[in-house]
Amino acid sequence: MAPKLEIDRLSKVYGDHPDQALRLIGEGASPKDVFARTSQVVAVSDVSFAVDEGEIFTIMGLSGSGKSTLVRCINRIIEPSAGRIVIDDEDVLAMSRARLRELRRRKVAMVFQNFALLPHRTVLENVEFGLMIRGEDIAARRRRCDAALAQVGLSEWAARYPDNLSGGMKQRVGLARALASDPDVLLMDEPFSALDPLIRSELQLELLRLQRTIRKTIVFITHDFHEAVRLSDHLAVMREGSFVQVGSPHDIVLDPADDYVATFARDLDRSKLLTAGDVATRRIPIIAADVGPEAMREQVTRSGAPYAVLIDAAGRPSGYVSRDELGATLRRREVRSLPAATPLPDMYAALGANAPVAIVADDGTAIGAVDASDVIRRLSEPARAASASIGGVAGHSVRPS
Ligand SMILES: Nc1ncnc2c1ncn2[C@@H]1O[C@H](COP(=O)(O)OP(=O)(O)OP(=O)(O)O)[C@@H](O)[C@H]1O
Ligand SMILES: [Mg+2]
């Protein structure tokens, strides 16, 4: 399936000679160099990405990195200097004025940081505004607006004026206004940045809840890494006009491309993102249950681990043995199994002080094992080393040879 939205080598120069500026960039100059030499601002430089239908794609970066410029190029509120923008297989830069107007009224809606509400119109009139300009009849308009206000929980506030609303409620109106036109694509430029942390967090959850039913294609801008990680299916980290890294929040937190990204990732609560598969290792050996007591003793002793997980002929966990209990009669104990996708916080209950937990792939075969000490070690180690475990190749299960 083709992506809903595709951006290909997009650049934006503020200045009179964009071609000259982009030529310098092409020769390896940085936006800073170009500014020093030509006084032109290269705000977006050769950015490419694709967003699938129904996905939240976040662009995260510090102030001035080019986020607003980039997102405004998507519906050509700002004219790009170079590159291609494709929405639903249609070339946005080739659109006529009329077609572009259609795009903005029906297919792509924006939500702004400062809410951009009309102060002398009621909540309902604000939500209705876009539909009015596109000439929709009043009954259809009302129906859509009522539905949009209900979606954001503001039905009771329809007749109020923006001044009567808190910041969080104002942004709900902004969201309702965007949803009323039933667009496919939502462009959200730091929609929650002006809000208090608690309200902000509430609205993030609200957006995620809404998204489960509305399934819009969303490009979300933020300078807050936590927000990006919380909301995104995919996320891009932007710096001085370029993308430094694009990936899932999980991959970016666990394997930041450089120190710039690592700085954002460092203080994030990593336990929320790690899964059992990320923590699983072969430190605790996994041994075929039918090798016989001699071989079992030898393998466990050689590993140095306090225990070993046993697997049956199909590769499924069937028990564990402790090094302390490798006497003449081997004691086989029951082992707990957890799917590789289990979030780390959900594992804690299964982790005993002195027993391993087997981590299994979708088909039930063991891909590794952990105990409490593995989890603690994993949470305390620096972010960069984190992708080296076998979690990255989940599905490579261990089978008896
Ligand atoms: N109209 C303009 N003319 C000249 N330079 C501009 C213009 N608009 C933005 N810039 C410059 O382009 C660069 C990118 O700005 P942009 O607003 O896209 O960044 P941003 O990532 O959205 O920042 P913020 O987080 O502060 O909103 C900055 O250096 C900014 O000063
Ligand atoms: Mg901005």
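In my numbering, each residue carries its 1-based index in the sequence shown increased by 65. By construction, the Cβ of each residue, glycine as well, lies at the ideal position given by its N, Cα and C atoms. It should be emphasised that the depicted structure is a prediction, and the values quoted were computed from it without experimental measurement.
Quick check on residue i: does DSSP put it in helix, strand or coil?
i           : result
residue 150 : strand
residue 408 : strand
residue 304 : strand
residue 278 : helix
residue 272 : helix
residue 351 : strand
residue 262 : helix
residue 400 : coil
residue 468 : The question about residue 468 has no answer here: the residues shown for the chain are numbered 66 through 466.
residue 376 : strand
residue 385 : strand
residue 286 : strand
residue 291 : helix
residue 181 : coil
residue 126 : strand
residue 91  : helix
residue 343 : helix
residue 426 : coil
residue 135 : helix
residue 299 : strand
residue 155 : strand
residue 85  : helix
residue 433 : strand
residue 108 : strand
residue 67  : coil
residue 142 : coil
So residue i is in the beta strand (DSSP E); what residue range does that whole segment cover?
i           : result
residue 307 : 307-312
residue 251 : 250-254
residue 358 : Looking at the DSSP string, residue 358 is not in any beta strand (DSSP E); the run it does join, the alpha helix (DSSP H), is 358-368.
residue 177 : 173-177
Could you please give the first and the last residue of the uninterrupted alpha helix (DSSP H) stretch that includes residue i?
i           : result
residue 443 : 437-445
residue 103 : 96-103
residue 119 : Taken as a continuous stretch (DSSP letters only), residue 119 belongs to no alpha helix (DSSP H), as it is neither H nor E.
residue 414 : Segment: none, residue 414 is in no alpha helix (DSSP H) and carries neither H nor E.
residue 326 : 324-331
residue 11  : Here the chain has residues from 66 to 466 only, and residue 11 is not among them.
residue 203 : 203-216
residue 196 : 188-198
residue 232 : 232-245
residue 33  : No answer is possible for residue 33: the residues shown for the chain start at 66 and end at 466.
residue 163 : 162-167
Within its chain, find whatever has a CB closer than 6 Å to the CB of residue i; leave out the 5 residues flanking it on each side and keep chain order.
i           : result
residue 209 : 245
residue 453 : For residue 453, the pLDDT reaches just 37, beneath the cut-off of 50, and the residue's location in the model is therefore unreliable, leaving the point undetermined.
residue 161 : none
residue 169 : 140
residue 286 : 124, 132, 136, 254, 255
Using a Cβ-Cβ cutoff of less than 8 Å, which residues in the same chain neighbour residue i once the five nearest sequence positions on both sides are dropped?
i           : result
residue 336 : 409, 410, 444
residue 190 : 183
residue 366 : 388, 391
residue 126 : 132, 288, 302, 303, 304
Based on Cα-Cα distance, which residue from the options lies nearest to residue i?
i           : options            : result
residue 130 : 179, 417, 104, 97  : 97
residue 372 : 343, 339, 417      : 417
residue 165 : 180, 390, 421, 142 : 142
residue 438 : 114, 420, 375, 278 : 420
residue 314 : 431, 294, 278, 233 : 294
residue 296 : 115, 159, 352, 119 : 119
residue 346 : 400, 370, 338      : 370
residue 432 : 405, 414, 442      : 405
residue 225 : 298, 329, 185, 331 : 185
residue 212 : 241, 232, 202, 203 : 241
residue 323 : 303, 218, 340      : 303
residue 257 : 383, 292, 283      : 292
residue 331 : 344, 341, 290, 298 : 290
residue 74  : 145, 329, 299      : 145
residue 377 : 393, 394, 399, 368 : 399
residue 353 : 325, 329, 382, 368 : 382
residue 342 : 436, 230, 312      : 436
residue 235 : 283, 247, 218      : 218
residue 428 : 403, 239, 67, 440  : 403
Leaving out five residues on either side along the sequence, give the residues of the same chain with a beta carbon under 7 Å from the beta carbon of residue i.
i           : result
residue 307 : 110, 111, 112
residue 86  : 78, 80, 99, 103, 105, 107
residue 273 : 296
residue 71  : 115, 151
Should the segment 355-370 be called in touch with the segment 422-431, which here means at least 3 C-beta pairs below 8 Å?
Touching, no.
For the structure I just gave you, are there three or more beta carbon pairs, one from the segment 168-182 and one from the segment 247-262, closer than 8 Å?
yes
Measuring CB atoms only, is the segment 262-277 touching the segment 152-166, in the sense that at least three cross pairs come out at less than 8 Å?
no
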